[in-house]
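J.: The sequence shown lines up with residues 187 to 305 when you count with our numbering.
Glycine is no exception: its CB is placed at the ideal position from the N, C-alpha and C atoms.
Computed from a predicted structure; not experimentally measured.
Quick one: this structure, given as structure tokens, is what I'll be asking you about.
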Amino acid sequence: MSYTTAALLGVVAAVLVDLLILRTRLVTRRVFWATYPIIFTFQLISNGILTGRNIVRYDPDAIIGWRLVYAPVEDLLFGFALVLLTLSIWVALGRRGIQRTPAAGEGSRLLRRLRRNGG
Numbered sequence: 187m188s189y190t191t192a193a194l195l196g197v198v199a200a201v202l203v204d205l206l207i208l209r210t211r212l213v214t215r216r217v218f219w220a221t222y223p224i225i226f227t228f229q230l231i232s233n234g235i236l237t238g239r240n241i242v243r244y245d246p247d248a249i250i251g252w253r254l255v256y257a258p259v260e261d262l263l264f265g266f267a268l269v270l271l272t273l274s275i276w277v278a279l280g281r282r283g284i285q286r287t288p289a290a291g292e293g294s295r296l297l298r299r300l301r302r303n304g305g
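What follows is the structure, given as structure tokens:
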């Protein structure tokens, strides 16, 4: 399987999970598309550093060859799929009541010990 095929399958799978399995429908929301350019910009920067300096190289036979600021289009597709899938899972878990409010570390032993000791 080529990198191009894998990237396209990744996007299709992420969209199907978003729309049909988790039913979060993020790809239908304006706020998702309004904020995605922020993620996309940082993806281009990090990809530019990695591929522009030849830290990461791609087999020309495995990609279609289209690039945007050093980044192969396939990398941008994978990035989209990863972000969408992560956000879809996060929203779905939030809807199920799993940690609705930020409470990082409230149950750790260190914090309980500090609270007991008045620290």
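Less than 8 Å between the beta carbons of Thr210 and Ala278, yes or no?
T.: Taking the first residue of the sequence shown as 1, we reach residue 210 at position 24. Taking the first residue of the sequence shown as 1, we reach residue 278 at position 92. Their beta carbons are under 8 Å apart, which means Thr210 touches Ala278 by this criterion.
J.: At the level of alpha carbons, what is the spacing between Val255 and Tyr244?
T.: In the sequence shown, the residue the question calls residue 255 occupies position 69. In the sequence shown, the residue the question calls residue 244 occupies position 58. Rounded to the nearest angstrom, the two C-alpha atoms are 15 Å apart.
J.: Where does the unbroken alpha helix (DSSP H) through Tyr256 begin, and where does it stop?
T.: Against the sequence shown, residue 256 aligns to sequence position 70. Where Tyr256 is concerned, there is no enclosing alpha helix (DSSP H), given that its DSSP letter is neither H nor E.
J.: On the criterion of 16 or more Cβ atoms from any shown chain inside 10 Å, does Asn303 qualify as buried, or is it exposed?
T.: Within the sequence shown, residue 303 is the residue found at index 117, counting from 1. Counting Cβ neighbours within 10 Å, Asn303 comes out exposed, since fewer than 16 surround it.
J.: Does any heavy atom of the ligand PLP sit closer than 7 Å to the C-beta of Leu212?
T.: What this structure holds is no ligand at all, so the ligand PLP is not there to describe.
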